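Taken in sequence, the protein lines are chains A and B.
Using this note's numbering, the letters of the first sequence map in sequence onto residues 1 to 110.
Using this note's numbering, the letters of the second sequence map in sequence onto residues 1001 to 1113.
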Amino acid sequence: DQQVKQNSPSLSVQEGRISILNCDYTNSMFDYFLWYKKYPAEGPTFLISISSIKDKNEDGRFTVFLNKSAKHLSLHIVPSQPGDSAVYFCAGDSNYQLIWGAGTKLIIKP
Amino acid sequence: NAGVTQTPKFQVLKTGQSMTLQCAQDMNHEYMSWYRQDPGMGLRLIHYSVGAGITDQGEVPNGYNVSRSTTEDFPLRLLSAAPSQTSVYFCASREDSANYGYTFGSGTRLTVV
């Protein structure tokens, strides 16, 4: 039973354009949702989070949207830069436990 | 400020051997956890701790033990290694509030032959 799903294994975006990464969840008990970025051979790096009581959170180029009725969240990166090429994971946080999606590989084309 | 330090970075074990993966953080975080990542999958929680002396099981705890005698250290012990435990292991720590996210170590790549 996958509680957090990222249905797109990969996404290719032109440099300077908007990247939109999507995530669906089934567990209504998550308190927070978080996005992480991961480069090969490194640990995940925290990007941005959103409380389950909010519908939007912004931090610089990164914005996360939460649609509770659809149990869907998305991460927008504007503008996309070459350094954004990485695997992006969304995760739900419930009682100190993170449940992760399988990740989406984002490729930024020059 | 080193953050979260994991040792070793690489390890090869024979089936049935035991070993301890070390994890230390210098941020005075109360919450620490261990995850494993297998190819094509997200991270899965093995064990976690909300403070010194307190540990609990995560999603995939079988075959692993943990202890938390100090705030700084959270070692993960493999009792009798099996090929199914071949994976990349990540240790993480977090401040009190979940919205700051976990800080992860760089990982230990374990191969069991």
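Note that CB positions come from ideal geometry on N, CA and C, so glycine has one too.
Here the structure is a predicted model, which is why all the values come from computation and not from measurement.
Looking only at 1075(B), 1034(B) and 1025(B), the smallest Cα-Cα distance to residue 1059(B) is reached by 1034(B).
Taking 8 Å as the cut-off, the beta carbon of residue 1018(B) is found closer than this to the beta carbon of residue 1080(B). Against chain B, the beta carbon of residue 102(A) has neighbours under 9 Å at 1040, 1041 and 1042, listed in chain order. Annotation: the region 16-49 of chain A contains the following complete segments of the beta strand (DSSP E) (minimum length 3 residues), in chain order: 19-25 and 32-38. Taking 8 Å as the cut-off, the Cβ atoms of residue 105(A) and residue 15(A) do not count as close. Rounded to the nearest angstrom, the gap between the Cα atoms of residue 44(A) and residue 1014(B) is 28 Å. Within chain B, no residue has its beta carbon less than 7 Å from that of residue 92(A); the closest one is some 10 Å off.
If one requires a minimum length of 3 residues, the beta strand (DSSP E) runs lying completely within the region 1036-1102 of chain B are 1043-1051, 1054-1057, 1064-1066, 1076-1078 and 1087-1094, in chain order. CA-to-CA, the gap between residue 1025(B) and residue 25(A) works out to about 31 Å. For the C-beta of residue 1106(B), the chain A residues within less than 9 Å are, from N- to C-terminus, 41, 42 and 43. Chain-ordered, the chain A residues with CB closer than 9 Å to the CB of residue 1090(B) read 43 and 44. Beta-bridge partners of residue 67(A) (DSSP): 72(A). Around the C-beta of residue 1112(B), 16 or more other C-beta atoms lie within 10 Å, and the residue is accordingly described as buried. The beta carbons of residue 75(A) and residue 21(A) sit closer together than 8 Å. Under the 8 Å Cβ criterion, the region 28-45 of chain A counts as touching the region 60-78 of chain A, having at least three qualifying pairs.
Bounds of the beta strand (DSSP E) holding residue 58(A) are 56-59. DSSP, read as helix, strand or coil, puts residue 1003(B) in coil. Where residue 93(A) is concerned, the enclosing beta strand (DSSP E) starts and stops at 86-94. Here the C-alpha atom of residue 1005(B) lies approximately 33 Å from the C-alpha atom of residue 79(A). Between the C-alpha atoms of residue 1052(B) and residue 6(A) there is a straight-line separation of about 34 Å.
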